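In UniProt numbering, the protein residues as written are 7 to 384.
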Ligand code: ADP
Ligand code: MG
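This is the structure in structure tokens:
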């Protein structure tokens, strides 16, 4: 009985989390790295939920669900993400995105370093730990892929499979929808991972593959999206015949810098265009979902097609917007913050009718009472 109550409580908690809003936006400000010189008056400053940027003589303000300043470490970022992982274990699909200009710390946040592991390795560890302490039994599988100029590349593929980067030699995997509406990527390697050590081994393999196969490592990786997918199967107890599948996507998006500023030409220009197209397609999808439109334009890019079953009703998205603190990048900073503001604002009071808002508040109160009641019973 206690086990049942436990589950009831967890489910109510994750429902509250979902109702509170399907898109959460955090902002992380990168500290100055060694090669940069900090000036006395830098344009960016921040509070816990607000970023201020001095731009063109005026002060601009941006609100977020949470702001991580230069001092925030990997641990403190992960702590804020933990509730989302709870909802994945309870059967909801979740996407975590790192957005921002190249060099703002997207890869640092997602992958991190050996000394300062990022969200992905911490999440893997956390999921296995949670699975051990939970009453239900879980199995996990993992895939990694890269989206480069509309082509998909399998990062966990065995050696003999397509590894080339050239756009002409299309390493294209097909995206299909199965009868249940789940997105399947034909031929994508999916490895069963039974513990953290194995998962970490595969994850490192995917990362190495990504960084060694490009012609110019950093440049190429900044113009592709890197996606890590964890499939979580919850088997429940003997009374539940079917296992439940939920998906967690962790996405290191390509650099969002505008093309005019970079003065890109030729291939670089094409790559930049591809990135910009898919980023705006992603923004359009999020906007349509939040406005609860009937038509959601998933088909406009490979990125949104892949994420179709994990971006929608009952799913949760977390956007981590990255910015640099320095003066010379202030235009890009403003443009990233505007993107994030748009993503977040669509959900705000203007869009959500009072009726819907009241309904949600009522649901939340009911669920909170249910949580309290089950806790008492436990
Ligand atoms: P991006 O993936 O957005 O292009 P990177 O993650 O490669 O950016 O970060 C660029 C550089 O800044 C790297 O050398 C990285 O180690 C450093 N860096 C980024 N964020 C932080 C941070 N929060 N703390 C310390 N160093 C950081
Ligand atoms: Mg990167």
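Note that beta-carbon positions come from the ideal geometry of N, C-alpha and C, so glycine has one too. If you're wondering where the values come from, they're calculated on a predicted model, not measured in any experiment.
- The beta carbon of residue 51 sits no closer than 7 angstroms to any heavy atom of the ligand MG.
- The Cβ atoms of residue 149 and residue 235 sit closer than 8 angstroms to each other.
- A distance criterion of 7 angstroms places the beta-carbon of residue 339 beyond contact range of the ligand ADP, judged by its closest non-hydrogen atom.
- Within the region 285-348, complete alpha helix (DSSP H) segments of at least 4 residues are found at 308-312, given in chain order.
- Residue environment for residue 380: buried (at least 16 other C-beta atoms within 10 angstroms of its C-beta).
- In the DSSP secondary-structure assignment, residue 100 is bridged to 254, 322.
- For residue 89, the closest of 58, 106, 133, 61 by C-alpha to C-alpha distance is 133.
- The residues 124, in chain order, have a CB closer than 7 angstroms to that of residue 114 in the same chain once the five nearest residues on each side in sequence are set aside.
- For residue 190, the enclosing beta strand (DSSP E) has its first and last residue at 189-191.
- Take residue 283, set aside five residues on each side of it, and the residues of its chain with a beta-carbon closer than 7 angstroms to its own are 307, in chain order.
- Taking each of 214, 373, 94 in turn and checking the Cα distance to residue 119, the smallest one comes out for 214.
- Looking at the backbone, the Cα of residue 193 and that of residue 180 are separated by about 8 angstroms.
- Ranked by Cα distance from residue 252, the options 263, 316, 228, 210 are led by 316.
- Where residue 60 is concerned, the enclosing beta strand (DSSP E) starts and stops at 56-61.
- Contact annotation: the region 65-82 touches the region 48-56, with at least three C-beta pairs closer than 8 angstroms.
- Inclusion of residue 296 and residue 29 in the CB contact set at 8 angstroms is warranted, their separation being smaller than that value.
- Note on residue 77: under 16 other CB atoms within 10 angstroms of its CB, so exposed under the neighbour-count rule.
- The continuous stretches of beta strand (DSSP E) do not include residue 107, and DSSP gives it neither H nor E.
- Short note on residue 262: C-beta not closer than 7 angstroms to any heavy atom of the ligand MG.
- Sorting 17, 163, 348, 144 by C-alpha distance to the C-alpha of residue 238 places 144 at the top.
- The Cβ atoms of residue 18 and residue 254 lie no closer than 8 angstroms to each other.
- Each residue's CA atom was taken as its position, placing residue 331 and residue 75 some 10 angstroms apart.
- DSSP links residue 12 through a beta bridge to no other residue.
- Going by C-alpha positions, residue 261 is about 39 angstroms away from residue 369.
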